[in-house]
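J.: One structure, pasted below without further comment.
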Amino acid sequence: MSRTVLQDGFSAYLDAWEARIGSFLEKDAETIAGSAVLGADREPGYASDSTKGVLRGLPFGVKDNIAVKDMRLSCGSRLLDGFRSPYSATAVARLAAVGAMPAGKTNMDEFGMGSSTDNSAFMRTNNPWDVERVAGGSSGGSAAAVAAGLVPFALGSDTGGSVRQPANFCGVVGLKPTYGAVSRFGLVAYASSLETIGVLADSVARARTVFAAMRGADPLDQTSFDAPADAPSLLPLGGKPAEPRAIGVLSPSAVAKALASTLSGQAGPAGNGGPDEAAREASAAAMLEPEVALGFEAAKEGLRALGHRLVDVELPSLKYGVPAYYTIATAEASANLARFDGIRYGNRPAYAENPDGLIDGARGSGFGDEVKLRILLGTFVLRSGFQDRYYLRAQRIRTGIRLDFNRVLAGVDAVLMPVFPTRAFGRGERGLSPFAQKAADLFTCCANLAGLPALAFPTGVEGGLPVGVQLVGKAFGEGLLLDVAEGYEAAHPIARPAGYRAFWG
Amino acid sequence: MVREELQATAGLAHLDLSEDEAAAALPAFELMLEYFAAMKAADEDEGAFGVPVLDLPPTTQAFSAGNRLRFDATANNSNNTNSNPLYNLANELLNRSPESENRFVVIPNVL
Chain L
209 MSRTVLQDGF SAYLDAWEAR IGSFLEKDAE TIAGSAVLGA DREPGYASDS
259 TKGVLRGLPF GVKDNIAVKD MRLSCGSRLL DGFRSPYSAT AVARLAAVGA
309 MPAGKTNMDE FGMGSSTDNS AFMRTNNPWD VERVAGGSSG GSAAAVAAGL
359 VPFALGSDTG GSVRQPANFC GVVGLKPTYG AVSRFGLVAY ASSLETIGVL
409 ADSVARARTV FAAMRGADPL DQTSFDAPAD APSLLPLGGK PAEPRAIGVL
459 SPSAVAKALA STLSGQAGPA GNGGPDEAAR EASAAAMLEP EVALGFEAAK
509 EGLRALGHRL VDVELPSLKY GVPAYYTIAT AEASANLARF DGIRYGNRPA
559 YAENPDGLID GARGSGFGDE VKLRILLGTF VLRSGFQDRY YLRAQRIRTG
609 IRLDFNRVLA GVDAVLMPVF PTRAFGRGER GLSPFAQKAA DLFTCCANLA
659 GLPALAFPTG VEGGLPVGVQ LVGKAFGEGL LLDVAEGYEA AHPIARPAGY
709 RAFWG
Chain Y
8 MVREELQATA GLAHLDLSED EAAAALPAFE LMLEYFAAMK AADEDEGAFG
58 VPVLDLPPTT QAFSAGNRLR FDATANNSNN TNSNPLYNLA NELLNRSPES
108 ENRFVVIPNV L
């Protein structure tokens, strides 16, 4: 096949998919198409200036809240529409240093707040498996682009599951690294104590290579760390079987049951003791859809067949995870998003009576409803008189969850959990309510609260949509999680959506 | 939760909520606060944490290595050892202002 023919083929492929899924807010089609030629045609030892390093010649998508020099940086918000970054995030620069090329900015829920990417101010992103369904969120554009084969990998950010949940919905690999393992310099802050830059990739091996290239302490982010010397190796398995491990299995139905019994009967915020709608909805949202439960059981069987030892574990603190997570995340968001005032950052109204009016106007017209809701919640929980009741209690619960994970991980190498209670959901009547979407963060947000690495990987297809699981590991234990998942992938190749073509070597 | 509380919070957050917007936001706001209030059960729930949650210190960050300061130099200094230096960023930023004059940013007239 000649280069020209191949390139033409890829351009048409890219355009056709983008018309259906809408994953990129901005893309450099030439970079992507040009590297598709290199990717497919690459030979060992192929060398030119642009093709050095372990990721040579590979284009990648970057979530629109991660800075790439001279590309847009809108965070999916009207407030930052038109803003272009004067520098690149450390993670992006490190990938570029090993030959990868940032090829565009991917769609996302505004400021990372959402589970569908429908909260983007600009457009919606559809799931490549079924365009009537969401891609997940908030890194939905990155997940959809990788799932459709438009790029071999993409960067996302994970504050409470925003890499793993869309990866799970679209059937790709999603790695949320240990807190601080990857520099956050150049990531627009949402909830600083919880979030990390993560990888969405078309294979476990690719996720490993990308993570290995971008991790490590960075003088520009004082919360970044090098992995300790005794951390599990990130060397590729190279076709060898993964070492058998002890894997703790969290029973999803036990978690849902505990949630129902604990959260019911709590008084409302004003002490009115009214009917507990929140608790009822939250425990309903935690119940696994039958297809997801099937996939979870199949994954357990698959891991057992590969020689891993499965042990039942309990994490009784988990039931408090979501309210603690949203208390902390919204509190941090209310502080971090204060800078978007039309003066320091953000588009401003054409006219205002006074500075307060300018700020109110910029924020009122710039932010979408979900962002406003979370800023309101965060501001409320930090108000004087309410801090002990909400924020401080959430921080103590966070400690409890961290200790609970430490206790369990002292006895096993990793914990196996569902990623999300449903497969990719639809819109409107077939969708999940905004509250249910939040309550369903149950299985993802705890790794963020504890700062631990978590790897979501696809395990099969149920009812025409991908299903998968996640492994949560010890701090800086990404290598071990990747080994187990790579072994699983070798035995159960990742399914691709109809129309997928592999362009990347 | 009364509407006034929401409006007061919106004022603190510099969010200009119209009456209609406030009315639309109220149910979701209340539902989430009700959910947050369920954390109160943790105070008594030793089964979940092994100890009363009030005895646990708050966690503000999963890991911390204390303060590590950046190299104290202007960004024009190429001694910055990071692979992503902020080299010349000051000029870069100034050049992006809509209007500038001799390294000053021209701002709109304020009465």
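Order-wise, the sequence lines are chains L and Y.
Residue 209 is where the first sequence starts when you use the working numbering, and the numbers rise one by one after that.
Residue 8 is where the second sequence starts when you use the working numbering, and the numbers rise one by one after that.
Yeah, the Cβ is synthetic: ideal placement off N, Cα and C, and Gly gets one too.
#1: Whole angstroms is fine: what's the gap from D426 of chain L's alpha carbon to D236 of chain L's?
#2: Hey, is N68 of chain Y's beta-carbon within less than 8 angstroms of any beta-carbon in chain L?
#3: At least one CB of chain Y closer than 8 angstroms to the CB of E485 of chain L: is that the case?
#4: At the level of alpha carbons, what is the spacing between A220 of chain L and S296 of chain L?
#5: In whole angstroms, give me the CA-to-CA distance for A648 of chain L and A308 of chain L.
#6: Curious, which full-length alpha helix (DSSP H) runs of at least 4 residues does the stretch 490–538 of chain L contain?
#7: For the alpha helix (DSSP H) that contains M422 of chain L, what are its first and last residues?
#8: On a CA-only basis, which of L:F361, L:S370 and L:S592 is nearest G322 of chain L? Give me that one, please.
#9: Give the DSSP bridge partners of T404 of chain L, in chain order.
#10: Does the Cβ of S491 of chain L lie closer than 7 angstroms to at least one heavy atom of the ligand GTP?
#11: Excluding sequence positions up to five away, which residues of its chain have a Cβ less than 7 angstroms from the Cβ of F433 of chain L?
#12: Checking contacts by CB at 8 angstroms: is E41 of chain Y closer than that to chain L?
#13: At which residues does the alpha helix (DSSP H) containing Q645 of chain L begin and terminate?
#14: Straight-line CA distance for M422 of chain L to A415 of chain L?
#15: List the endpoints of the continuous alpha helix (DSSP H) containing D27 of chain Y.
#16: Report the three-state DSSP secondary structure of R292 of chain L (helix, strand or coil).
#17: Shorter than 8 angstroms from the beta carbon of V675 of chain L to some beta carbon of chain Y?
#18: Within the same chain, show all residues whose beta-carbon is closer than 6 angstroms to that of R286 of chain L, passing over the 5 residues directly before and after it, in chain order.
#19: Quick one: grab the DSSP three-state call for N89 of chain Y.
#20: Within the 8 angstroms Cβ cut-off, does Y398 of chain L reach chain Y?
#21: According to the neighbour-count rule (16 or more other Cβ atoms, all chains shown, within 10 Å of its Cβ), is N109 of chain Y buried or exposed?
#22: With DSSP as the reference, please indicate the residues paired to G456 of chain L in a beta bridge.
#23: Give a yes or no on whether 8 angstroms exceeds the smallest Cβ distance from G320 of chain L to chain Y.
#24: Which bits of chain Y does Q603 of chain L rub up against, with CB to CB less than 7 angstroms?
#25: Give me the Cα-Cα distance between F572 of chain L and A435 of chain L, rounded to the nearest whole angstrom.
#26: Counting beta carbon pairs with one atom in the stretch 267–284 of chain L and one in the stretch 363–379 of chain L, are three or more of them shorter than 8 angstroms?
#27: Whose C-beta lies closer than 7 angstroms to the C-beta of V407 of chain L among residues of the same chain, with five residues either side of it excluded?
#28: Would you kindly work out how many angstroms separate the C-alpha atoms of D52 of chain Y and S525 of chain L, rounded to a whole number?
#29: With the cut-off set at 8 angstroms, would you say V342 of chain L and T325 of chain L are in Cβ contact?
#30: May I ask you to list, following chain order, the residues of the stretch 413–431 of chain L that have a beta carbon less than 8 angstroms from some beta carbon of chain Y?
#31: So, E499 of chain L versus E670 of chain L, is the Cβ gap smaller than 8 angstroms?
#32: Using DSSP's beta-bridge definition, name the partner residues of R280 of chain L.
T.: The short version:
#1: As a first step, residue 426 of chain L must be located in the first sequence, where it is residue number 218. As a first step, residue 236 of chain L must be located in the first sequence, where it is residue number 28. Spanning the two alpha carbons is a distance of roughly 28 angstroms.
#2: Indexing the second sequence from 1 puts residue 68 of chain Y at position 61. A quick correction: the sequence has Gln, not Asn, at residue 68 of chain Y. Cβ-Cβ to chain L under 8 angstroms: yes for Q68 of chain Y.
#3: One-based indexing of the first sequence puts residue 485 of chain L at position 277. At least one chain Y Cβ lies under 8 angstroms of E485 of chain L.
#4: Reading the first sequence from its first residue, position 12 is the one you call residue 220 of chain L. Reading the first sequence from its first residue, position 88 is the one you call residue 296 of chain L. Spanning the two alpha carbons is a distance of roughly 30 angstroms.
#5: As a first step, residue 648 of chain L must be located in the first sequence, where it is residue number 440. As a first step, residue 308 of chain L must be located in the first sequence, where it is residue number 100. Going from the Cα of A648 of chain L to the Cα of A308 of chain L covers about 35 angstroms.
#6: 498–513
#7: Within the first sequence, residue 422 of chain L is the residue found at index 214, counting from 1. Residues V412 to M422.
#8: Counted from its first residue, the first sequence places residue 322 of chain L at position 114. For G322 of chain L, the nearest C-alpha among the options comes from L:S370.
#9: In the first sequence, residue 404 of chain L corresponds to position 196, counting from 1. DSSP output for T404 of chain L lists L:D366 as bridge partner(s).
#10: Because no ligand of any kind appears in the structure shown, any question about the ligand GTP cannot be addressed here.
#11: Start at 1 with the first residue of the first sequence, and residue 433 of chain L comes out as number 225. Cβ contact annotation for F433 of chain L (same chain, cutoff 7 angstroms, sequence separation greater than five): G388, A389 and A425, in chain order.
#12: If you number the second sequence from 1, residue 41 of chain Y lands on position 34. Yes - at least one Cβ of chain L is within 8 angstroms of the one on E41 of chain Y.
#13: Translated into positions along the first sequence, residue 645 of chain L becomes position 437. Per DSSP, Q645 of chain L belongs to the alpha helix (DSSP H) from P642 to A647.
#14: Taking the first residue of the first sequence as position 1, residue 422 of chain L is located at position 214. Taking the first residue of the first sequence as position 1, residue 415 of chain L is located at position 207. Their backbone Cα atoms lie some 11 angstroms apart in a straight line.
#15: Within the second sequence, residue 27 of chain Y is the residue found at index 20, counting from 1. First-last of the alpha helix (DSSP H) with D27 of chain Y: E26 to A44.
#16: On the first sequence, position 84 is the one that residue 292 of chain L refers to. Strand at R292 of chain L.
#17: On the first sequence, position 467 is the one that residue 675 of chain L refers to. It does not: the Cβ of V675 of chain L has no partner Cβ on chain Y nearer than 8 angstroms.
#18: What you label residue 286 of chain L is simply residue 78 of the first sequence in a count that begins at 1. A329 and G574.
#19: Taking the first residue of the second sequence as 1, we reach residue 89 of chain Y at position 82. In this prediction, N89 of chain Y scores a pLDDT of 47, lower than 50, which makes its location untrustworthy; the coordinate-derived value is nonetheless stated afterwards. Correct three-state label for N89 of chain Y: coil.
#20: Here residue 398 of chain L is taken as the residue at index 190 of the first sequence, counted from 1. Cβ-Cβ to chain Y under 8 angstroms: no for Y398 of chain L.
#21: Against the second sequence, residue 109 of chain Y aligns to sequence position 102. Per the 10 Å Cβ criterion, exposed.
#22: Within the first sequence, residue 456 of chain L is the residue found at index 248, counting from 1. According to DSSP, G456 of chain L bridges with L:V519 and L:V623.
#23: Walking along the first sequence from the start, residue 320 of chain L turns up at place 112. No, its Cβ sits nowhere closer than 8 angstroms to a Cβ of chain Y.
#24: Here residue 603 of chain L corresponds to residue number 395 of the first sequence, with the count starting at 1. Within 7 angstroms Cβ-Cβ: P65, T66 and T67.
#25: By 1-based counting over the first sequence, the position of residue 572 of chain L is 364. By 1-based counting over the first sequence, the position of residue 435 of chain L is 227. Just to set this straight, residue 572 of chain L is Gly in the shown sequence, not Phe. Answer to the nearest angstrom: the Cα atoms are 42 angstroms apart.
#26: yes
#27: Position 199 of the first sequence holds residue 407 of chain L. Excluding sequence neighbours, V407 of chain L sits near F361, L363, L383, A415, V418 and F419.
#28: Here residue 52 of chain Y refers to the residue found at position 45 when the second sequence is read from its first residue. Here residue 525 of chain L refers to the residue found at position 317 when the first sequence is read from its first residue. The alpha-carbon separation between D52 of chain Y and S525 of chain L amounts to approximately 9 angstroms.
#29: As a first step, residue 342 of chain L must be located in the first sequence, where it is residue number 134. As a first step, residue 325 of chain L must be located in the first sequence, where it is residue number 117. Yes, these two residues count as a Cβ contact at 8 angstroms.
#30: D426, P427, L428, Q430 and T431
#31: On the first sequence, position 291 is the one that residue 499 of chain L refers to. On the first sequence, position 462 is the one that residue 670 of chain L refers to. Contact: yes.
#32: On the first sequence, position 72 is the one that residue 280 of chain L refers to. Looking at the DSSP assignment, R280 of chain L forms a beta bridge with L:R292.
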